[in-house]
Amino acid sequence: MIKTRKPRYLLMLALSFSLVFAGIGQLTVVAQEADLTVKGPEATEEYTLEEVKDMAAVEGWGGMKDSVGNISGPTMYKGVSVKDLVEQVGAFDENKAVKLTAKDGYSMSFSYDQVVNGNFLAYDPATGNETEASGLRLILAYQRDGEPLGEDNGPMRAVIVDGKKQVTDGHWWVKWIEKVELVQLKKDWTLKLEGELSVDMDRSSFESGASASCHGASWTDGEGNKWSGVPLWLLVGYVDDDNKHEKGSFNEELANEGYTVEVTATDGYSKTFESSRVMKNNDMIVANKMNGEVLPKEDWPLRLVGPNLQGSEMVSKIAEIKIIFK
Amino acid sequence: MVKLKEFGSKALVLTLAVTILFGVSFSRTATAKTELKVLNAGSLMVPFDRIEEKFEETYPDVDVQIEGHGSIQVVRHVTEIHDRVDVTAVADYSLIPLLMYETNLPNSDKPYADWYIKFATNNLGLAYTETSSYSEEITADNWYEVLLRDDVNFGMSDPRMDACGYRALMLTRLAEDYYGEPELFENLITDSFKNYPIESVDLAGLKKILVPRILQPRSRRLTMRGSSINLLAPLEAGGVDYGFQYESVARQHGLSFLHLPPQINLGSEEYSENYRKVQVKLDYQRFSSVSPVFTGRRLIYGITIPENAPHPELARDFVEFVLTEPGREVMENSNHPTLEKPAVDGMENLPEQLKELNLKKAEDG
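Which chain is which? The protein sequence lines are R and W, in order. Last residue of the first sequence? That's 326 in my numbering, and every number before it is there in order. Last residue of the second sequence? That's 365 in my numbering, and every number before it is there in order.
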């Protein structure tokens with residue numbers, strides 16, 4: 001088992017001191033940089049390579065098969081379990097993934113099933129044919145055949161090992177790893193906003209706008225469900241003229257002149273609303289969450305809700321919000 | 001004296017032996033073959049293996065080293081891993097301007113490439129064998145119904161890793177409109193994954209396919225492999241009935257191939273505008289330099305010589321070989337279609353030797 005570590009962040013980097021006594025007696029202190037960052041919802045840890053080597057080690061045979069079928073290995077690798085690393089920074093379940101990032105920005109994500117159960121496709125190294133494998137483990141290797149990995153692959157790379165000789169797909173073998181993250185899985189979507197401007201707003205941009213510190217709004221329905229998201233008028237203001245996000249982005253003059261806002265679902269169902277009704281109305285909310293969770297399948301990803309809307313006006317599965325100028 | 005003489009003659013023999021050895025060694029060094037490193041798309045492996053042989057027959061002092069990868073990885077080896085490569089050939093020409101034009105060599109104001117040549121094409125369909133379930137009744141009109149049958153297992157390469165995979169998604173989404181089957185994508189693709197499935201949304205005429213970070217196929221129905229080449233083995237072994245595959249690769253491996261309509265197979269010049277209606281967006285960025293958004297376009301292969309190629313003259317000879325009769329003959333014999341008239345982007349930067357081939361100028365860059 002990996003020994004328990006308390007969160008130490010940057011301050012817990014091992015410090016090495018180089019004392020340079022120049023003619024004028026200056027003292028230089030050099031902090032040793034971390035080789036690996038492990039980040040999760042509950043903590044962030046940073047380690048030097050030497051600290052990683054101090055953790056409980058896993059050894060096993062590993063080799064890879066590339067995208068055109070060439071096989072290299074297997075050879076003996078030594079490293080630390082990725083599962084053990086991420087469990088230090090948050091609870092790991094099937095709604096999360098492990099993202100490994102290399103120093104050149106290359107990244108690869110692994111499922112719970114892969115990291116915890118070792119569910120990887122394995123091949124016989126002699127024939128290249130698919131083979132049964134159990135007990136595969138994803139590790140961050142720092143040693144191959146008793147030697148450090150070197151600059152070409154190391155100091156740490158992702159390797160899939162087992163007690164017996166097999167090989168796995170090469171695309172999992174990320175080299176030059178410097179970051180391990182536990183990330184929340186989310187279904188992706190895009191909202192089309194059409195007006196004077198045309199914008200594809202993606203999920204992360206919408207979520208940013210829906211935060212309480214930005215434009216977040218909420219409404220609790222008669223059944224006690226709390227719907228939260230962004231008021232419709234703010235999304236309209238994003239594309240009603242060429243002022244997307246500055247103060248006064250909602251153009252009241254245009255709204256007073258009158259236009260129609262059409263809200264359309266992925267299946268083509270739509271409802272229209274006059275600008276006079278939409279203008280500065282915080283009770284018409286484009287919700288992305290119900291009771292703090294993503295919307296159920298019948299409403300996902302967005303639903304128009306609010307206290308004064310008829311049931312038929314609460315468009316589910318919203319794909320597009322369009323301004324129709326008169 | 002005798003001993004001295006014996007020592008003298010032994011020394012002479014030793015000297016001669018060393019001289020001969022060094023001579024042989026020197027001679028071998030002098031005639032060592034020049035290694036020409038070619039990185040190419042996995043779907044070009046078969047024809048490029050044969051081109052390697054032919055080229056080496058014509059240039060006996062050259063040892064061509066062919067290395068196949070996914071096309072993005074081919075370019076990444078040059079621009080991010082900094083391998084010294086003589087020739088790069090990719091299955092999506094747009095990767096060259098996107099990644100090689102936009103990236104300069106270290107400590108230089110020169111990009112990794114400032115020209116490329118479109119030289120080959122392909123199309124996407126279904127590979128299968130005689131033992132595949134319903135192989136006698138599958139057609140270009142009913143293939144999606146066959147794939148949805150309970151006792152049929154179909155395969156595709158992972159769209160997060162492989163261009164053939166995200167192109168299969170594009171084809172399926174285009175098929176929805178072509179066949180007038182509004183739930184085709186959801187039934188065939190979305191429902192084949194558990195927990196976080198691939199979704200498709202329509203945005204004012206743009207059909208956007210959203211691929212999540214983690215993909216978990218329902219194993220009884222869909223078999224997913226990291227690359228289109230690695231999908232061949234389960235197809236041949238019978239574990240997979242049908243697999244989305246490039247026509248050239250299917251035919252090179254002796255598989256049957258169901259040719260799908262040009263409106264959806266990503267191989268037709270006539271319908272290239274139709275392909276642009278579909279877009280695949282990955283939920284995570286695998287390469288720091290590659291935006292994870294891919295717009296549908298006709299399948300066209302591109303070839304170039306990196307600015308830092310170790311053997312630029314030989315690289316030009318190799319590219320000329322690929323584009324002219326010897327290379328075209330190999331490509332045709334390998335069932336890999338070439339463009340009747342290769343087209344150049346960056347004509348002003350094209351090496352003089354290749355300008356003499358009278359190639360046409362690419363219209364769309």
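We put the CB at the ideal spot given by N, CA and C, even for glycine. Remember, it's a predicted structure, so these values are computed and weren't measured experimentally.
Under the DSSP assignment, residue 233 (chain R) falls in the alpha helix (DSSP H) whose first and last residues are 232-239. Judged by DSSP in its simplified three-state form, residue 185 (chain R) adopts coil rather than helix or strand. Using a Cβ-Cβ cut-off of 7 Å, residue 47 (chain W) is close to nothing in chain R; its nearest Cβ partner there is about 13 Å away. Of the other Cβ atoms in all chains shown, 16 or more fall within 10 Å of the Cβ of residue 228 (chain W); this residue is therefore buried. Counting the other Cβ atoms within 10 Å of the Cβ of residue 137 (chain R) gives 16 or more, which makes it buried.
By the neighbour-count definition (other C-beta atoms within 10 Å, threshold 16), residue 237 (chain W) is an exposed residue.
Using a Cβ distance threshold of 8 Å, residue 61 (chain R) and residue 41 (chain R) do not count as a contacting pair. Residue 195 (chain W) has a beta carbon lying within less than 8 Å of a beta carbon in chain R. DSSP, read as helix, strand or coil, puts residue 277 (chain R) in helix.
Not flagged as an interface residue toward chain W: residue 173 (chain R), since no C-beta distance is shorter than 8 Å.
Rounded to the nearest angstrom, the gap between the Cα atoms of residue 166 (chain R) and residue 206 (chain W) is 44 Å. For residue 144 (chain R), the enclosing beta strand (DSSP E) has its first and last residue at 137-144.
The beta carbon of residue 111 (chain R) sits closer than 8 Å to some beta carbon of chain W. The Cβ of residue 153 (chain R) sits no closer than 8 Å to any Cβ of chain W.
Ranked by Cα distance from residue 255 (chain W), the first of W:225, W:126, W:280, W:339 is W:126. Shown here, residue 112 (chain R) sits in a helix according to DSSP, grouped into three states. Cβ contact annotation for residue 195 (chain R) (same chain, cutoff 6 Å, sequence separation greater than five): 239, 240, 323, in chain order. Residue contact with chain W for residue 104 (chain R): present (Cβ-Cβ distance below 8 Å to some residue of chain W).
The criterion of a C-beta distance shorter than 8 Å is not satisfied by residue 266 (chain W) and residue 245 (chain W).
Three or more beta-carbon pairs drawn from the stretch 259-274 of chain W and the stretch 121-140 of chain W are found closer than 8 Å, and the two stretches are therefore classed as touching. Here residue 95 (chain W) is near residue 71 (chain W), since their CB atoms are less than 8 Å apart. Under DSSP, the beta-bridge partners assigned to residue 37 (chain R) are R:46, R:179. Secondary structure at residue 161 (chain W): coil, using DSSP grouped into helix, strand and coil. Distance from the CA of residue 272 (chain R) to the CA of residue 260 (chain R), rounded to the nearest whole angstrom, comes to 6 Å. Contact annotation: residue 180 (chain R) and residue 86 (chain R) have beta-carbon atoms nearer than 8 Å. Burial of residue 79 (chain W) is indicated by the presence of at least 16 other C-beta atoms within 10 angstroms of its C-beta. Excluding residues up to 5 positions away in sequence, 232 lie with their Cβ nearer than 7 Å to the Cβ of residue 253 (chain W) in the same chain. By the beta-carbon neighbour count (other beta carbons within 10 angstroms, threshold 16), residue 276 (chain W) is exposed. Remark: fewer than three beta-carbon pairs, one from each stretch, lie closer than 8 Å, so the stretch 152-162 of chain W and the stretch 333-343 of chain W are not flagged as touching. DSSP places residue 173 (chain R) in the coil class of the three-state scheme, outside both helix and strand.
Nearest neighbour of residue 120 (chain W) by Cα position, chosen from W:360, W:350, W:354, W:342, turns out to be W:342. Nearest Cα to residue 115 (chain W) within the set W:98, W:131, W:330: W:98. Excluding residues up to 5 positions away in sequence, 215 lie with their Cβ nearer than 6 Å to the Cβ of residue 234 (chain R) in the same chain. For residue 317 (chain W), there is no enclosing beta strand (DSSP E); the enclosing alpha helix (DSSP H) has its first and last residue at 312-323. As the crow flies, the alpha-carbon of residue 284 (chain W) is around 40 Å from that of residue 317 (chain W). Contact with chain R is found for residue 161 (chain W), since one of that chain's Cβ atoms lies less than 8 Å from the residue's Cβ.
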